[in-house]
Amino acid sequence: MDYLGIIEMGIIFSLFVLGMILSFRLLGFADLTIEGSFTTGGAIFAILLSNGINPFLSILISIIGGGVAGLLTASLHCYAGINKLLSGIITLTMLYTANLRIMGRSNIYIEQTSVLNYINEPWYEFFVLLIIGVAIFILIKFFLSTNFGLYLRATGENESFVKNLKSNPKKFIIVGLIISNSLIALSGCLFAQYVGYSDIGNGNGMLVSMLTAMIIGENIVRPTTLNRQIISAIIGAISFQLLYSSALQLGLKPIDLKIMIGILLIAFLILTKYGYKGKQSKNIGANFI
Amino acid sequence: MLELKNIHISFNKNTDNKIDALDNVNLEFHEHQWSYIIGGNGSGKSTLLKIINKELIPDKGELKFNSYKPTDVMFIDQTTIKNLVPSMTIYENLIFALKNIGMNPNFRLFQNKNYKEIVIDKLKEFNIGLEKRINEQVKFLSGGEQQIIVASRIMLSNPRILLMDEFTSSLDQKWAPFILEKLKKFITVNNIMVIAVTHDYSQIQNIGDRLIMLKNGKVFADKKKENFDFTTQSILNLFYEYE
Amino acid sequence: MKTIKNLSIILLAVFLISSCNQKSDQIRIGVIQYANQSILDSVYVGIQKKFNEYNEKYTIKYQVAHGDPILNATISKQLVKDSVNLIIALGTPSAQAVTNDTKTIPIVFSAITDPVGARLAATMNNPGGNKTGITNMQPFDKQIELIRLIKPNVKKVGIIINSSEANCVAGMVYVRKALEAFQIPYEEMNASSSVEIITSAQSLATRCDVFFISPSNTIYENLGALKKEAEKKGIMVLGGDQSAVLKYGSVGTYTYDFVEMGVNTAELAIKILDQKLNPGNIAVSRPANTYLYFNMESAKELGLTVPDSLLNKAVK
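Spelled out as structure tokens, the structure:
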């Protein structure tokens, strides 16, 4: 089995799961934009790189692109009063066109001069991903430990509480969704570089896959504190990749992989509920999933 | 001093069900005064609180309070858990209070010792060992313990105006007198204005300085402790006059 | 504690699983297909057919990624890690993934409409690197010529395209060139779902007298609906692949036999392995044979006559 590949993809997707945790768990917002922002990250990067823009700058702009998507969804909910699910779906739909327009076609090949490939050694790629992963996780932990982060978590659990504190919950929802979608766009950007192409279908099936990863992570490391919740992102993403690879190694046909994922998801969800034995969950964050 | 002048608000304005929730209400509230608001269902009690909390805007009339900042008013909901963030720890819940008084317990990554001490000291006053459990999630505390946390939050926030919507009447039987005594002491020392809605008349005698009764959105009675007997019986008598 | 227990169970499982290793003296070929589509499926049928002739000399591992990008990446990496002798890739993202993951294992891609645009080949004549393959860019010039031959007084051709499909976009360049070469006016409409195809067809039906089938998978999946709309207004449908003509009432087309393309793909792979060739030097090829198909019923319904000279060339 390709352990290096598993860890590398685990790091890439741990950013995605972290973004999901921010919106789904901490903000209590089931943000369906994420499949679109993932693709957007790759799309923006690919088109900029193919036009000769510096790869680091391209990554930065990809992140901002994800942020814009998050801003749109949040605005639809906060200012247009559209419900959370629908806001995400609307943005997701619009992103499909946006991504196609950004790329100008449905598929762009990514040159060897992207960030991950500057030096053509395997250890270089791993090293870069590790640094990016660690840096992002530290940044997010830092952000969530501030007062703003505290209020953000409170908004996800008890909006009226935040209102009673004379703070505007909208502020936190907007910033929260911008950051979570930026994280996911970064994940998409790194993924596109990793596989060497950005395709309009890159986001397909990501929602369910990453949800599975998140839930697996939360079953291994019960998120009873903020630190544990953040760690569950990494553990979940890497475990998920392990599962995929192991299944294929064992000879499972890809056609059966999807049903295996489904069964796994059901099993872990039931495990989660049984873990409570009727008591309240010790997990922090929203538990509608 | 908080002044309500000619406050009028109605709901369902364009329908046949138009209700005048508050009709020409004129009231003055002073610091160091614990006012109780009572009245039948739909008499406008909660509406009055929401207007002072600036959750609702009156159709007519104005609210006057010298140098009023939004964070000067603290609103306590009837349901205890709504005044807390359930899956956060005791310490995290109380940080909100500290922030309110201008402290900046930021960068909790480094667990600022000073703020933790302030929180622990306040919890110690209640003498039931909660200070040892500050990293427990609030949702696992008993009802009474949660109410103590809310009371701690009130005291750490030190608001100028405290609004309580049936909080005092929903207190755990075991803890009610204890918590109320502490709150009353705190209010007195810090010159806080309290406006509380209640249906538990037994408390009013010990704690209330003033009693306001609303009927159909109008002020029906406004009695001060000095001039009126706050026993449950006399309050009930008021209600008979009411009919 | 529970966390450590959970983690150790997983690590143990992984260790056990990874010790399952398949070692074989046979020549191992990994086939990776991006998703189940009729063309790709047909190609694989041909590939299988060809390898079956060799009686156990080659071991084929066939995996479909079902449009899941993570699965696609995982399968690709696994094939490289397993050091297969050759990789056959069907579908652009799969071809791109394997091209990115290995510069040494020979790669044969198939049924890619625009290899140069997808950077799978530097040029058609000299793809470079460790890859080559067969393109399925349809003989659009011949298909468009058919329009002129069967319906000389054509007024306007309506084409429904899906600009989110790379193959469609790439193919349409040739379609437009051919239409302009034969001086036939045309109008395009974009559709990416069944519903949009129907509404586009209804709109185009008011202005066109011919529908041309564009190289879009979505269109291929909705040919029945397209024919229905065309029938309402007596519009001729032309183009597409074999089943478009035989099953869905397209009057005629020039196409490849995709099973045959699969056989050609396998032959190419075998040649590379046997003769230890460098794929990068082998030009990307088009299938040698194009096949002419007619649907006489459809032609009759529209009152069209197919010249005998053409009929003689067609597949019966």
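Residue numbers (the numbering used here), protein chains in the order written: chain A, 1 to 289; chain B, 1001 to 1243; chain C, 2001 to 2316.
Just so it is clear, CB atoms sit at the ideal spot from N, CA and C, and this is done for glycine as well.
Does DSSP classify residue i as helix, strand or coil?
i          : result
B:Asp-1072 : helix
C:Asn-2125 : coil
C:Val-2064 : strand
B:Trp-1034 : strand
B:Asn-1026 : strand
C:Gln-2033 : strand
B:Leu-1004 : strand
A:Tyr-118  : coil
A:Lys-84   : helix
A:Tyr-1    : Looking at the sequence itself, residue 1 of chain A is Met, so the reference to Tyr does not match. The answer is coil: DSSP assigns A:Met-1 none of H, G, I, E or B.
A:Tyr-197  : strand
B:Lys-1218 : strand
C:Tyr-2220 : helix
A:Arg-153  : helix
B:Glu-1062 : strand
A:Glu-177  : Residue identity differs from the one stated: residue 177 of chain A is Leu in this sequence, not Glu. Reduced to three states, the DSSP call for A:Leu-177 is helix.
C:Glu-2301 : helix
B:Gly-1044 : coil
C:Ala-2111 : strand
B:Lys-1185 : helix
C:Asn-2190 : strand
C:Met-2236 : strand
C:Tyr-2293 : strand
C:Tyr-2174 : helix
How is the beta strand (DSSP E) around residue i delimited, first residue to last?
i          : result
A:Ile-284  : Premise fails: A:Ile-284 is in no beta strand (DSSP E) and is neither H nor E.
C:Met-2137 : Segment: none, C:Met-2137 is in no beta strand (DSSP E) and carries neither H nor E.
C:Gly-2158 : 2157-2161
A:Asn-107  : 107-109
B:Ile-1212 : 1210-1215
C:Val-2210 : 2210-2213
B:Met-1164 : 1161-1165
C:Ile-2088 : 2086-2090
A:Thr-212  : That residue, A:Thr-212, is in no beta strand (DSSP E); its alpha helix (DSSP H) goes 206-220.
Nearest to residue i by alpha carbon, out of the options?
i          : options                                           : result
C:Thr-2102 : A:Tyr-194, A:Met-214, A:Asp-256 and A:Ala-213     : A:Tyr-194
C:Leu-2304 : C:Ser-2285, C:Lys-2313, C:Val-2098 and C:Asp-2209 : C:Asp-2209
C:Leu-2040 : C:Lys-2228, C:Ile-2107 and C:Thr-2113             : C:Thr-2113
C:Ala-2095 : A:Lys-273, A:Phe-24, A:Phe-137 and A:Asp-199      : A:Asp-199
A:Leu-207  : A:Phe-24, A:Glu-35 and A:Asp-2                    : A:Glu-35
C:Val-2173 : C:Tyr-2220, C:Ile-2270, C:Ile-2144 and C:Ile-2198 : C:Ile-2144
B:Glu-1055 : A:Gly-149, A:Thr-73, A:Ala-30 and A:Val-162       : A:Val-162
A:Gly-70   : A:Pro-122, A:Met-20, A:Thr-97 and A:Ile-174       : A:Ile-174
B:Phe-1029 : B:Ile-1235, B:Thr-1231 and B:Ile-1195             : B:Ile-1195
A:Gly-201  : C:Ala-2065, C:Leu-2012 and C:Lys-2005             : C:Ala-2065
Tell me which residue opens and which closes the alpha helix (DSSP H) that residue i is part of.
i          : result
A:His-77   : 55-78
C:Gly-2262 : 2258-2274
B:Val-1194 : Segment 1193-1197 is the beta strand (DSSP E) holding B:Val-1194; no alpha helix (DSSP H) there.
C:Asn-2312 : 2308-2313
C:Tyr-2044 : 2038-2052
B:Ile-1128 : From DSSP, B:Ile-1128 is part of no alpha helix (DSSP H); its letter is neither H nor E.
B:Gly-1143 : 1143-1157
A:Phe-45   : 34-50
A:Phe-161  : 159-164
C:Thr-2074 : 2069-2081
I'd like to confirm something about residue i: is its beta-carbon nearer than 7 Å to some heavy atom of the ligand PLP, or not?
i          : result
C:Thr-2102 : For the structure depicted, the ligand PLP is absent and the ligand set is empty, with no information on it obtainable.
Quick one: list the residues of chain E neighbouring residue i, beta-carbon separation under 9 Å, in chain order.
i         : result
A:Phe-161 : Of the chains in the structure shown, none is chain E; the protein chains are A, B and C.
Which residues, in order along the stretch 2114-2142 of chain C, keep a beta-carbon less than 7 Å from a beta-carbon of chain A?
-> Interface annotation for the stretch 2114-2142 of chain C against chain A: Ala-2118 and Arg-2119, criterion Cβ-Cβ distance under 7 Å.
Can you find at least 3 beta carbon pairs, one from the stretch 1028-1047 of chain B and one from the stretch 119-130 of chain A, that sit closer than 8 Å?
-> Verdict: no, contact absent.
Is the stretch 2203-2222 of chain C touching the stretch 2174-2187 of chain C in the sense that three or more CB pairs, one from each, lie closer than 8 Å?
-> yes
Below 8 Å between beta carbons is the criterion; list the residues of the stretch 2079-2099 of chain C that meet it against any residue of chain A, in chain order.
-> Val-2080, Lys-2081, Thr-2092, Pro-2093, Gln-2096, Ala-2097 and Thr-2099
Do three or more CB pairs link the stretch 2026-2041 of chain C to the stretch 2074-2091 of chain C at distances below 8 Å?
-> yes
Counting pairs of beta carbons, one from the stretch 132-143 of chain A and one from the stretch 179-194 of chain A, are three or more of them closer than 8 Å?
-> yes
Counting Cβ pairs, one atom from each stretch, are 3 or more of them under 8 Å apart for the stretch 1159-1173 of chain B and the stretch 1192-1199 of chain B?
-> yes
If you pair each beta-carbon of the stretch 2278-2285 of chain C with each one of the stretch 2256-2263 of chain C, do three or more pairs fall below 8 Å?
-> no
Any contact of the stretch 2163-2180 of chain C with the stretch 2104-2123 of chain C, i.e. 3+ C-beta pairs under 8 Å?
-> yes
Are the stretch 1069-1082 of chain B and the stretch 1219-1231 of chain B in contact at 8 Å, needing three or more beta carbon pairs?
-> no
Determine which residues of the stretch 2147-2165 of chain C have a Cβ less than 8 Å from any Cβ of chain A, and write them out in chain order.
-> Ser-2163, Ser-2164 and Glu-2165
Are at least three pairs of beta-carbons, each pair with one atom in the stretch 2147-2167 of chain C and one in the stretch 2298-2315 of chain C, less than 8 Å apart?
-> Here the stretch 2147-2167 of chain C makes contact with the stretch 2298-2315 of chain C; the two share three or more CB pairs at distances below 8 Å.
Name, going along the chain, the residues of the stretch 165-199 of chain A whose beta-carbon falls closer than 8 Å to a beta-carbon of chain C.
-> In summary, the residues of the stretch 165-199 of chain A whose CB is separated from some CB of chain C by less than 8 Å are Phe-191, Tyr-194, Val-195, Gly-196, Tyr-197 and Asp-199, in the order they occur in the chain.
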